[in-house]
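Read the structure below first, then the notes.
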Amino acid sequence: MTTTGLGSLPGDDIREWTRVVLDAVDIPFLPELPGRPYGDMVSRTIAVLAELAADLQPAGWRLTGGSDPRASLDQRRTRSVLQEDLDVLEELADGYTGPLKLQLTGPWTLASTVELPRGDKVLADYGARRDLAEALAHGLNEHVSEVRRRVPGVDLVVQLDEPGLPAVLAGAVPTASGWGKHRSVDGPGAVELLARVIDAAEPATTLVHCCAARPPVEVFTKAGAGGVAVDLSLLTELAWEQIAIAAEAGTTLYAGVLATTGAIPEPDRAAAPLIRRWRELGLDPELLKKVVITPACGLAAAPSPADARARLDLLRRIADVVAEAAESDL
C-alpha cells in the first residue's frame, strides 16, 4: 500500500515541510503553503503559465492581455516563490530516487477562477479558455522538465486539482453580475481541454483531484488521467459505481480516507469505509492493494502544523489496515 498527501499544508516553513513530506509519505510532494503570500494553488499555477500575463486584483487573478511575463509584478513574485521552493526541494532531495508529486490547478478550475482583462471569468470566452489551457500545458511541460533536471532519478506524478469542474459541467458558475450562470460545458468539451494538459505532463503520470459528491470520473479517465483523488466521505452511490468501473479498468484510486480537521481517528476507523465499500461493490482485493491512501483533501485547514504532521504520519498505519483487509479477502 502507498500513501501521499494532496498538496496544501499549514504554516509558512517550506524547508521544514519539505523535510517532513520526504519522510512521512511514500509519494513525497512539493508542498503548497497557502498561508504564505502567493502560496495558494491558483498562484502556484499562475507561476508556471507560459506566454500569458496576469496580475492580482482584489477579486483574484486576472489576465492582462499581454504576453510579456514581466508585465505583472505579482506574476513575477509567484515565479520567485516557486523557484525558491524548488531550490529547497533540490537541496533536501539530493540523491533521492522514487516517486515525487507536483500539484497544479487544472484548466477548468483555472478558467472558472481567473478573470478576463475586461472582467468576467475566462470560462465565458471559448477562445480565451483554450488559450489558457494551452499556456498551462506548455508551462506544465517546462515545469516537469525543470524538476527532472533538479532532482534526477525521480518518477514524477502530476496532480491536477479540479474542484471547480463539477460546477462547470452543471452550468453552475456565476457570471460577474451574480444574476446569471455561465453556460455549461459538455463532457467531450471538458475532456478535450483536460486531455491537452494531461498530455503535456508526459513522461510524468497524472491524476485528477476533485473533492465533490459526484466527481466526473469518466471525464478524468477519458482525458487520460491515470488516477483520481476523491474524498470518500462525500461520494454518492453513482460516484462509487464510476470509481469501481475506473478501478477495474486500471485507474489508480487516491482514496481520501482521513478527515483534515476534527479528532484524529484510530487507523481501523479511518480505513473502515473504504474496506466496506470495496467489499460491497465486489471489487477484486488485489485492486484494493493498489489504492493510494491520502487525507480527504489538502491539510492547510488543519489547526496546526503539528496536527497536520500527525495526520500524515497516520496514513501509513491506515494503509497497513487496508492491506491486511485485502489479504484476508484473497
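Heads up: the sequence shown at position 75 corresponds to 75 in the UniProt record's numbering, and the numbers run straight through without jumps. Just so it is clear, CB atoms sit at the ideal spot from N, CA and C, and this is done for glycine as well. What you are looking at is a predicted structure, and each value in this text was computed from that prediction instead of being measured.
In the segment 48-99, which residue ranges form an unbroken beta strand (DSSP E) of at least 3 residues, counting only runs that do not cross its ends? 54-57 and 60-63
What three-state label does DSSP hand residue 295 in the structure shown? In this structure, residue 295 counts as strand in the three-state DSSP scheme.
Do three or more CB pairs link the segment 21-41 to the segment 88-102 at distances below 8 Å? yes
Which residues does DSSP pair with residue 29 in a beta bridge? 101
One question on the structure: do residue 110 and residue 42 come within less than 8 Å of each other, judged by their Cβ atoms? yes
Between the Cα of residue 246 and the Cα atoms of 276, 263, 265 and 208, which residue gives the shortest distance? 208
Rounded Cβ spacing between residue 231 and residue 296 (contact assumed at less than 8 Å): 4 Å
I'd like the list of long-range same chain contacts for residue 309, defined as Cβ closer than 8 Å, with 5 residues on each side in sequence excluded. 20 and 24
How is the beta strand (DSSP E) around residue 139 delimited, first residue to last? Taken as a continuous stretch (DSSP letters only), residue 139 belongs to no beta strand (DSSP E), being part of the alpha helix (DSSP H) at 126-150.
Residues that DSSP places opposite residue 255 in a beta bridge: 230 and 293
Is the distance from the Cβ of residue 30 to the Cβ of residue 89 below 8 Å? yes
Would the beta-carbon of residue 158 fall within 8 Å of that of residue 190? Contact: no.
Could you give the DSSP three-state label for residue 43: helix, strand or coil? Looking at residue 43 - three-state DSSP - the assignment turns out to be helix.
Would residue 255 and residue 274 be called neighbours here (beta carbons separated by less than 8 Å)? yes
Ordered along the chain, which non-local residues of its own chain (more than five positions away) have a Cβ less than 7 Å from that of residue 119? 176
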